[in-house]
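Student:
In my numbering, the protein residues as written are 21 to 108.
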């Protein structure tokens, strides 16, 4: 099973990332896509995904905040991963 919307960057999980991932694996989840809704969360999701096998991340941004000038385009701030892993 692959979970496509894991909000591991939420503050409610800040102290127990390892436990949350372990519980998901124990429940049969073998892949997770970590999400963010702004620059800081997207960068954190990328760091977390690199820590755990079977985790990937997205650079999530709310289009209205970028269009309104409240947030810059994510392409300028989030580098592409050095190695790309693919789900099989």
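Even glycine gets a Cβ: it sits at the ideal position worked out from N, Cα and C.
Measure the alpha-carbon distance for residue 80 versus residue 28 and round it to whole angstroms.
Tutor: On the chain shown, residue 80 is found 60 positions in, with the first residue counted as 1. On the chain shown, residue 28 is found 8 positions in, with the first residue counted as 1. The alpha-carbon atoms of residue 80 and residue 28 are separated by roughly 13 angstroms.
Student: Residue 41 lies in the alpha helix (DSSP H); which residues open and close that run?
Tutor: By one-based count along the chain shown, residue 41 stands at place 21. Where residue 41 is concerned, the enclosing alpha helix (DSSP H) stretches over 37-46.
Student: Go to residue 62, then tell me how far its beta strand (DSSP E) extends in each direction, as first and last residue.
Tutor: The residue labelled residue 62 in the question sits at position 42 within the chain shown. Looking at the DSSP string, residue 62 is not in any beta strand (DSSP E); the run it does join, the alpha helix (DSSP H), is 59-71.
Student: Check residue 19 in the structure and name its three-state DSSP category.
Tutor: Any question about residue 19 goes unanswered here, given that the chain covers just 21 to 108.
Student: Taking just the CA atoms, how far does residue 78 sit from residue 59?
Tutor: As a working mapping, residue 59 is identified with position 39 in the chain shown. As a working mapping, residue 78 is identified with position 58 in the chain shown. C-alpha separation (whole angstroms): 11 angstroms.
Student: Along the chain, where does the beta strand (DSSP E) containing residue 52 start, and where does it finish?
Tutor: Here residue 52 corresponds to residue number 32 of the chain shown, with the count starting at 1. 51-54 is the span of the beta strand (DSSP E), which, as asked, contains residue 52.
Student: At what residues does the beta strand (DSSP E) containing residue 30 begin and finish?
Tutor: The count along the chain shown starts at 1 and reaches residue 30 at position 10. First-last for residue 30: undefined, no H or E at that position.
Student: I think residue 26 touches residue 55, with their Cβ atoms under 8 angstroms apart; what is that distance to the nearest whole Å?
Tutor: Residue numbering aside, residue 26 sits at position 6 when the chain shown is read from its first letter. Residue numbering aside, residue 55 sits at position 35 when the chain shown is read from its first letter. Yes, residue 26 and residue 55 are in contact; Cβ-Cβ is about 7 angstroms, under 8 angstroms.
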